[in-house]
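Below is one structure, written out as C-alpha cells; the observations come after it.
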Amino acid sequence: MENKKYCILILEDDKDVRDSLKEILQLNNYQVMVAENVKEALSTLEKVKPDLILSDIVMPELSGLEFLEKIRTIPVLFNIPFIFLTAQSESNKIREGMNLGADDFITKPFKVNDLLRSVKLRLEKKTFLDEKIDLTLKGITKYVPHELRTPLVAILGYPQLIKENFDEYDKPQIFEMLDNIYHGSKRLLNTLEKFIIYSDITSNKISEEHHEDSLTNNLENLVANVFEQIILTNERKNNFCKLIEESILEINCVHLSTIIKQLLENAFKFSEEGEQVTIIGKINNDKYLFEIIDKGIGFPKEFIHKIGPFVQFNRENNQQLGNGLGLAIANSLLEQFNSKIKIEENIDKGTKVSFELKIAK
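Laid out in C-alpha cells, this is it:
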C-alpha cells in the first residue's frame with residue numbers, strides 16, 4: 000500500500016476543517032482534492048475517480064447523505080470507500096448513512112490517529128477487493144474461452160457430422176455422439192451456473208437471499224439430495240459414502256447445499272472411477288465438522304493458500320479439472336459464516352477438505 004499514492008476527495012463546507020483535513024492527509028503522503036459543496040464534488044468526479052471520499056453530512060443545499068446516494072447509482076463510482084464526518088448532534092444520521100452504504104463514520108472533533116487509521120483500513124480493503132476483481136477478470140480472459148469452447152465443439156460438431164454422414168453411421172455410433180452432445184451440454188450448463196453463483200457472491204446478492212431461513216436440519220437428507228444432483232452428470236453412484244450425524248446448523252440450507260455440492264464435485268473430478276468419495280459430518284465440541292475425503296490425485300501444499308477463481312494446478316496435464324471456481328464458491332460462502340476451507344493431503348492418497356459451522360443453540 001505504501002508504494003501507491005492514493006487520491007482522496009474531501010467534501011467539507013467549513014474552510015478551516017477542510018484545510019486541516021487536507022494538510023493532515025498530504026503530510027501522510029496522500030494526494031488530496033477538495034470541494035466545498037456537492038455540486039463542486041460531482042464536477043470533480045466527472046474528471047477524476049478518487050480512491051476514497053471523506054465527506055461532511057450537513058451542508059447547504061445538498062447534504063452528504065444525498066451526495067452518497069447519488070454516487071452509489073453511478074456504476075464507475077459506486078464502489079469508492081466513503082467515510083462520513085459527523086458532529087455529536089448528528090448521531091441520528093449514522094443509521095441512514097449505513098443504509099446508503101457508508102463505510103465508516105468519524106465524529107468531529109476528530110483525533111488525527113483515528114482519521115488516519117480509518118482511511119488506511121478502508122484503502123487496504125479496497126486494494127484487496129480490486130486485486131480479487133483483477134484476478135477474476137484475468138481468469139475469465141484466460142480460461143473462459145477454453146471452458147466454453149470445449150463443450151461447444153461436441154454440441155455443434157457432432158450434429159453436423161450426423162447430418163452429413165447419417166447413412167454411414169450405425170446406431171451405436173450415433174448414440175455415442177448423442178451421448179457426447181448431452182455431456183457437453185451438461186458441462187456447459189454447469190460452467191455457466193458456477194459463473195452466475197460466483198458473480199452473485201462477489202456482488203453480495205447471494206448473502207441477501209434466504210436470510211429469513213437461517214437454520215438447517217435433516218443434514219443426511221440434504222447431503223443425499225446434493226449427491227443425487229451430482230450423479231446426473233457423474234456416473235459414480237457406487238463410489239459414494241456418507242456418514243452424517245444429525246444436528247441443527249446456523250446456516251440456511253441453500254448455502255450449505257451449494258458449499259457441499261461444489262466440494263463433492265471437486266472430489267469426484269479429482270479422483271478416478273472406482274475410487275470412493277466419503278463425506279463425514281459430526282459434532283466437534285461446540286461446532287459441526289464436515290470432512291470430504293477422496294483418493295484422487297492430491298492437492299499440492301503450495302496451492303492450498305491460493306484458493307480463488309481460475310486458480311488451478313497442473314492445468315496442462317489435467318484439462319478435465321475445469322475452471323477453479325468450485326473451491327472459490329465454497330470458500331467465499333463459508334467466509335460469510337466466519338468459516339473457511341481447510342485442505343489436507345491424505346497420508347496414503349488423495350485429499351481431505353474440511354470446514355466447520357456453528358451449531359444452533
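The numbering of the sequence shown is numbering that gives the first Met the number 0, which starts it at 0 and goes up by one. Using N, Cα and C, we set each Cβ at its ideal position, and we do this for glycine too. These figures come from a predicted structure and were not determined experimentally.
With a threshold of 8 Å on Cβ separation, who are the neighbours of residue i within its own chain once the five nearest residues in sequence on each side are excluded?
| i | result |
| --- | --- |
| ILE358 | SER246, ILE247, LEU248, GLU249, ILE282, ASP285, LYS286 and TYR287 |
| THR257 | ILE196, ILE328, ALA329 and LEU332 |
| LEU221 | THR215, CYS252, LEU255, SER256 and ILE259 |
| VAL16 | ASP55, LEU84 and LYS107 |
| PHE336 | GLU249, ILE250, HIS254, LEU356 and LYS357 |
| PHE127 | none |
| CYS240 | GLN275, VAL276, THR277 and ILE278 |
| ASP129 | none |
Sort out for me which residues DSSP pairs residue i with in a bridge.
| i | result |
| --- | --- |
| VAL31 | ILE7 |
| SER353 | GLU290 and LYS341 |
| ASN283 | LYS286 |
| ASP103 | ILE82 |
| ASP55 | LEU84 |
| PHE239 | VAL276 |
| THR215 | LEU248 |
| ILE200 | In the DSSP output, where bridge partners are listed per residue, ILE200 has none listed. |
| ILE358 | LEU248 |
If we call anything under 8 Å between Cβ atoms a contact, is residue i one with residue j?
| i | j | result |
| --- | --- | --- |
| ILE73 | LEU10 | no |
| GLU274 | ASN238 | yes |
| ILE229 | GLU264 | yes |
| ILE82 | ARG116 | no |
| PHE66 | ALA40 | yes |
| VAL37 | GLU60 | yes |
| LEU114 | ILE200 | no |
| ASP18 | GLU35 | no |
| PHE269 | THR350 | yes |
Give the C-beta separation of residue i and residue j to the nearest angstrom, bearing in mind that I take them to be a contact with Cβ-Cβ under 8 Å.
| i | j | result |
| --- | --- | --- |
| SER353 | LYS341 | 5 Å |
| LYS119 | ALA86 | Actually they do not touch by this definition, with Cβ atoms about 23 Å apart. |
| LEU151 | LEU187 | 7 Å |
| LEU84 | SER54 | 7 Å |
| PRO80 | LYS125 | 5 Å |
Once you ignore the five residues that flank residue i on each side, which residues in its own chain have a CB closer than 6 Å to its CB?
| i | result |
| --- | --- |
| LEU262 | ILE291, ALA329 and VAL352 |
| CYS6 | GLN30, PRO49 and ASP50 |
| GLU355 | LYS286, LEU288 and SER338 |
| VAL75 | none |
| LYS193 | LEU324 |
| PHE104 | PHE83, THR85 and ILE93 |
| GLN25 | VAL31 |
| GLU343 | LYS351 |
| TYR168 | none |
| LEU8 | MET32, PRO49 and ILE52 |
By Cβ distance below 7 Å, which residues in the same chain neighbour residue i in space, the five residues on each side in sequence not counted?
| i | result |
| --- | --- |
| LEU218 | ILE243, GLU245, SER246 and GLY280 |
| MET176 | TYR157, LEU160 and ILE161 |
| ASN28 | LYS4 |
| ILE181 | Residue identity check: residue 181 is Tyr in the sequence provided, not Ile. No residues qualify anywhere along the chain. |
| ALA153 | ASN179, ILE180 and GLY183 |
Of the choices the options, whose alpha-carbon is the least far from that of residue i?
| i | options | result |
| --- | --- | --- |
| ILE56 | PHE77, LYS124 and GLY96 | GLY96 |
| ALA223 | LEU255, GLU334, SER198 and ASN98 | LEU255 |
| LYS14 | LYS3, VAL33 and LYS4 | VAL33 |
| LYS339 | LEU326, LYS348, GLU163 and GLU22 | LEU326 |
| SER184 | ASP18, ASP12, LYS268 and PRO158 | PRO158 |
| LYS360 | PRO171, GLU272 and SER213 | SER213 |
| ARG71 | LYS92, SER62 and GLY100 | GLY100 |
| LYS92 | LEU64, PHE109 and LYS110 | LEU64 |
| LYS348 | PHE336, GLU271 and GLN335 | GLU271 |
| VAL225 | GLU167, ILE278 and LEU191 | ILE278 |
Tell me, please, whether the CB atom of residue i is closer than 8 Å to any CB atom in chain B?
| i | result |
| --- | --- |
| VAL352 | This model lacks chain B altogether, as it is built from one protein chain only. |
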